[in-house]
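Trainee: Can you read through this structure? Questions will come right after.
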Amino acid sequence: MMNNNTAKLPHLAKPFPVRSKLMEILTTTLLVLLALTVIVPLILPFMFVFKTRLEYNYHPWSFPTEIRWVNFAEAWKAIQIGKGLLNTLYVCLGAIVCTVPVAAMAGYIFARYRSKITEVFFYVILAGYFVPVQMVLIPLYQLCGAMNLTDTLPGLFLPMTAFGIPFWTIIYRSFFAGLPNELAEAARIDGAGNTGIFLRIMLPLAKPATVLATLLVFMGSWSDYLLSLIMLNSLEKFTMQLRIAQFMNNYGVDHMPRYAAAAIIAAAPTVILYLIGHRWIIQSTLAGALKG
Amino acid sequence: MNANVEVYTMMYGKEKKKSRDWQTMLFKVIMLAPAVAFLAVFMYYPIEETFRLSMTRSTGLGPTVYIGFQNYIRLFQTEEFLIGLKNAILWAFWSVVIQIPIAFFIAFSLSVYKNKITKPLRVIYYLANVLPSAITAMLGRFVFAPRHGIISSLANKFNWEWLARIDFLGNPDLAFWSIFAVATWAYSGFYIVYLMANIEQIPKDVQEAAQLDGATPWQYARHIVIPMTSYALRIVSILCIVGSMKLFDLPWLMTTGGPGYATSTLGIVLYKYGFVNWQYGRAAAVGVVIFLLSLVFTILQFSLQRKDSDAL
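Each protein sequence line maps, in turn, to chains A and B. For the first sequence, our numbering gives the first residue as 1, with consecutive numbering after it. For the second sequence, our numbering gives the first residue as 1, with consecutive numbering after it.
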């Protein structure tokens with residue numbers, strides 16, 4: 001109907017007043033400036049990183065006279081980010097391996113084998129979604145002590161898993177509930193058992209949910225700071241984020257070029273991953289947020 | 001119904017059906033067990049322990065003594081906790097009042113003025129949101145540090161003595177706002193992307209109708225976009241508020257809650273009680289307070305959600 005009207009009255013189809021040219025230019029400029037504030041703190045370290053401390057103190061804003069890599073070397077040694085990266089990847093992998101299958105299994109039952117009893121369990125798991133990890137830090141720490149998990153990487157990713165399961169169970173449940181029943185029925189007539197239907201038919205169909213969960217669980221454990229701070233004590237076990245925080249506390253900002261080098265080294269893995277996968281990351285964050 | 005069962009039993013035999021039920025039952029148990037076990041061990045048992053500990057005097061070494069609600073009473077007489085609570089509430093208020101309007105403005109402008117320049121900006125805005133808080137804090141210090149930080153160093157270059165002298169993180173009146181600025185920088189990305197997705201779900205007809213009526217951008221935002229995304233705006237506000245109750249990383253990494261208690265948050269108070277002073281009981285009590293506060297706001301979110309689905 002709307003289209004008919006516009007077709008009959010072509011003179012009304014002038015450019016959207018919302019898109020007046022001047023406003024567009026002004027707003028675009030403002031948006032670009034705001035975007036610059038996001039990027040500038042990530043780019044500025046490159047101004048300082050090639051200078052010596054003295055050079056920085058006298059001419060912080062001139063271009064570096066010489067490209068020196070010594071700050072990078074020092075910062076690299078101080079952070080030992082390589083080891084931290086390995087620990088972080090181990091934690092991420094552990095969290096993914098524990099969270100995703102467990103949530104998929106539970107979500108599948110809640111979606112396809114509904115009964116009064118499973119609904120009760122569903123609400124028990126759903127309630128976990130609203131528990132802030134801050135609340136249970138002390139018992140968690142004591143528990144991991146009792147299980148001999150203090151200062152180990154599993155002691156970090158097992159609690160992380162528990163706090164990730166509720167959300168991903170909800171996502172998997174709504175995903176499995178949306179899948180058509182015919183395929184499962186056909187397989188059952190062909191003699192497939194419960195396990196076969198789940199593993200061979202339903203799980204492959206739920207691949208989008210699995211990709212989503214894997215990516216976001218990875219990002220969550222990659223960025224974690226609080227739990228790592230509580231659970232890990234020895235330097236050798238420190239994850240990347242802990243090492244970055246430690247560098248900040250030990251070295252401070254006084255030696256600015258080295259600090260800049262550390263900031264570049266610290267931000268690089270995340271920024272590179274983001275540049276590669278930003279489309280997926282944004283899409284899956286939205287999918288998670290809109291469903292949850 | 002009965003006839004069906006009889007036919008079924010005649011065809012397959014009672015035993016076979018029973019064994020099938022039994023198998024399905026077993027399947028359900030096996031599939032649910034890991035999730036339930038994880039939550040029982042790492043979530044529900046610790047929750048029970050938190051409530052129990054919050055009623056005791058406990059240091060982790062000596063005996064735990066039951067002292068009823070004394071921890072809670074003490075908390076509300078302690079300056080550190082009260083400042084932490086005040087900061088959490090202030091933080092929540094200002095995030096809703098400052099961060100969300102900024103995010104809405106950016107999201108709205110990005111979706112109304114779609115051109116070659118604005119298209120890639122969404123990706124840039126979101127970048128700050130994926131940076132782990134340790135890195136965000138590091139960049140925050142890089143900008144705000146006294147003498148060597150970006151702002152001080154720029155001020156020195158232009159000989160702005162008054163600006164160079166400001167200690168953004170060491171001044172109790174300013175530290176809160178410096179961290180808040182960093183948080184706005186870091187968190188707005190998510191709100192922008194989320195609000196943008198919701199704005200873009202507004203049907204094309206509605207936009208065309210506004211177009212025909214000659215609406216200005218302001219009118220379009222005020223009378224159409226804000227009412228139509230009110231649900232998303234409320235969700236984002238709740239996320240903001242609940243996040244403020246749990247806030248820990250940024251203030252801890254940038255100022256460790258100082259100077260004094262100026263940037264202390266509930267999370268920092270809990271961490272200090274529990275893992276610096278080893279006062280488990282009091283720390284657990286802070287944990288319960290955090291839980292209750294976030295619960296209140298989450299229930300609020302759910303009741304809003306219910307109203308919305310009623311309207312549809």
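For every residue, glycine included, the Cβ atom is placed at its ideal position computed from N, Cα and C. Please read all numbers here as calculations on a predicted model, not as lab measurements.
Is it true that the CB of Phe38 of chain B sits closer than 8 Å to the CB of Ile165 of chain A?
Mentor: For Ile165 of chain A and Phe38 of chain B, yes; Cβs fall inside 8 Å.
Trainee: Pull up the distance between the alpha-carbon of Ser115 of chain A and that of Val29 of chain B, whole angstroms please.
Mentor: Straight-line Cα distance between these residues: approximately 13 Å.
Trainee: Going by the CB atoms, is the gap between Met160 of chain A and Leu227 of chain A shorter than 8 Å?
Mentor: Cβ distance < 8 Å, so Leu227 of chain A and Met160 of chain A count as in contact.
Trainee: Val41 of chain B to Phe110 of chain A, Cα distance in whole Å?
Mentor: Approximately 21 Å, taken between the alpha carbons.
Trainee: Are there 16 or more other CB atoms within 10 angstroms of the CB of Thr285 of chain A, so buried, or fewer, so exposed?
Mentor: Thr285 of chain A comes out buried.
Trainee: Please list the partners that Met202 of chain A has in chain B, where partner means a Cβ-to-Cβ separation under 8 Å.
Mentor: Within 8 Å Cβ-Cβ: nothing; Met202 of chain A doesn't reach chain B, min ~11 Å.
Trainee: What runs of the alpha helix (DSSP H), each 4 residues or longer, lie entirely inside the segment 139-216 of chain A?
Mentor: Qualifying alpha helix (DSSP H) stretches, in chain order: 154-177, 182-189.
Trainee: With 7 Å as the limit, tell me which residues of the segment 138-166 of chain B have their beta carbon closer than that to any beta carbon of chain A; keep them in chain order.
Mentor: The residues in question are Met138, Leu139, Arg141, Phe142, Val143, Ala145, His148, Gly149, Ile150, Ser153, Lys157.
Trainee: Which word fits Asn87 of chain A, buried or exposed, when buried means at least 16 other C-beta atoms lie within 10 angstroms of its C-beta?
Mentor: Classification for Asn87 of chain A: buried.
Trainee: Report the CB separation of Met254 of chain B from Leu169 of chain B in whole angstroms; it is logged as a contact under 8 Å.
Mentor: With a Cβ gap of about 6 Å, Met254 of chain B and Leu169 of chain B count as contacting.
Trainee: Taking Cβ-Cβ distances shorter than 9 Å, what residues in chain E pair up with Tyr113 of chain A?
Mentor: Included in the structure are the protein chains A and B, with no chain E among them.
Trainee: Report the partner residues of Arg165 of chain B according to the DSSP bridge assignment.
Mentor: BP columns for Arg165 of chain B are empty, so no partner.
Trainee: Taking DSSP as the reference, what is the three-state secondary structure of Arg57 of chain B?
Mentor: If DSSP states are grouped into helix, strand and coil, Arg57 of chain B belongs with the strands.
Trainee: In angstroms, rounded to a whole number, what distance separates the CA positions of Ala7 of chain A and Lys21 of chain A?
Mentor: Reliability fails at Ala7 of chain A, whose pLDDT of 44 lies under 50, so the model's placement of it is uncertain and the value that follows must be treated cautiously. One C-alpha to the other measures close to 25 Å.
Trainee: Chain B partners of Phe121 of chain A, CB-CB under 7 Å?
Mentor: Ordered by position in chain B, the residues that pass the 7 Å Cβ test against Phe121 of chain A are Leu32, Val36.
Trainee: According to DSSP, is Val253 of chain A part of a helix, a strand, or is it coil?
Mentor: Note: Val253 of chain A maps to coil in three-state DSSP.
Trainee: Does the Cβ-Cβ distance between Leu247 of chain B and Ser133 of chain B come in under 8 Å?
Mentor: Against a cut-off of 8 Å, the Cβ pair of Ser133 of chain B and Leu247 of chain B comes out as no contact.
Trainee: If you drop the 5 nearest sequence neighbours on each side, which residues of the same chain put their C-beta closer than 8 Å to that of Met256 of chain A?
Mentor: Only Phe48, Arg53, Tyr56, Pro60 meet the Cβ criterion.
Trainee: Would you kindly check if the distance between the Cβ of Gly128 of chain A and the Cβ of Leu216 of chain A is under 8 Å?
Mentor: No, Cβ-Cβ distance for Leu216 of chain A and Gly128 of chain A is not below 8 Å.
Trainee: What residues in the segment 262-293 of chain B bring their beta carbon closer than 8 Å to a beta carbon of chain A?
Mentor: Result list: Leu266, Gly267, Leu270, Tyr271, Gly274, Phe275, Tyr280, Ala283, Ala284, Gly287, Val288, Ile290, Phe291.
Trainee: By the 10 Å Cβ neighbour count, where 16 or more other Cβ atoms means buried, how is Asn4 of chain A classified, buried or exposed?
Mentor: In this prediction, Asn4 of chain A has a pLDDT of 43, which is less than 50 and means its spatial position is unreliable; nothing more can be read from the coordinates.
Trainee: Are there 16 or more other CB atoms within 10 angstroms of the CB of Asn148 of chain A, so buried, or fewer, so exposed?
Mentor: Label assigned to Asn148 of chain A: exposed.
Trainee: Does the contact criterion of 3 or more C-beta pairs under 8 Å hold for the segment 164-184 of chain B versus the segment 131-151 of chain B?
Mentor: Yes, the segment 164-184 of chain B is in contact with the segment 131-151 of chain B.
Trainee: Is it true that the CB of Leu163 of chain B sits closer than 8 Å to the CB of Ile151 of chain B?
Mentor: For Ile151 of chain B and Leu163 of chain B, yes; Cβs fall inside 8 Å.
Trainee: With the cut-off set at 8 Å, would you say Leu242 of chain A and Gly274 of chain B are in Cβ contact?
Mentor: In this structure, Gly274 of chain B does not lie closer than 8 Å to Leu242 of chain A by Cβ.
Trainee: Which residues, taken in chain order from the segment 251-275 of chain A, show a beta carbon closer than 9 Å to some beta carbon of chain B?
Mentor: Correct list: Gly252, Val253, Asp254, His255, Met256, Tyr259, Ala260, Ala262, Ala263, Ala266, Ala267, Thr270, Val271, Leu273, Tyr274, Leu275.
Trainee: Find the nearest neighbour of Ser244 of chain B within the set B:Leu32, B:Asp173, B:Asn87, B:Ile299, judged by alpha-carbon distance.
Mentor: Nearest C-alpha to Ser244 of chain B: B:Asn87.
Trainee: Considering only C-alpha positions, which residue in the set B:Leu270, B:Gln301, B:Ala215, B:Gln219 is nearest to Ala232 of chain B?
Mentor: Ranking the options by Cα distance to Ala232 of chain B, first place goes to B:Gln301.
Trainee: Helix or strand or just coil, what does DSSP make of Tyr259 of chain A?
Mentor: Helix at Tyr259 of chain A.
Trainee: Grab me the residues of Lys116 of chain B's own chain with a C-beta within less than 6 Å of its C-beta, minus the 5 sequence neighbours each way, in chain order.
Mentor: So no residue of the chain qualifies.
Trainee: Under 8 Å between beta-carbons, which chain A residues line up against Val193 of chain B? List them in chain order, please.
Mentor: In chain order: Ile282, Thr285, Leu286.
Trainee: Check for me: the alpha helix (DSSP H) holding Phe48 of chain A runs from which residue to which?
Mentor: Segment 45-48, the alpha helix (DSSP H) holding Phe48 of chain A.
Trainee: Between Pro46 of chain B and Leu140 of chain A, which are expected to be in contact by the criterion C-beta below 8 Å, what is the C-beta distance as a whole number of angstroms?
Mentor: Right, the Cβ-Cβ distance comes to about 5 Å (below 8 Å), so this counts as a contact.
Trainee: Look at the alpha carbon of Tyr113 of chain A and the alpha carbon of Ala106 of chain A, and state the distance between them as a whole number of angstroms.
Mentor: Distance between the alpha carbons of Tyr113 of chain A and Ala106 of chain A is about 10 Å.
Trainee: Taking the beta carbon of Ser309 of chain B as the centre, do at least 16 other beta carbons fall within 10 Å, making it buried, or is it exposed?
Mentor: Confidence at Ser309 of chain B is low in this model, with a pLDDT of 49, below 50, so its placement is unreliable and the value that follows should be read with caution. Exposed is the call here.
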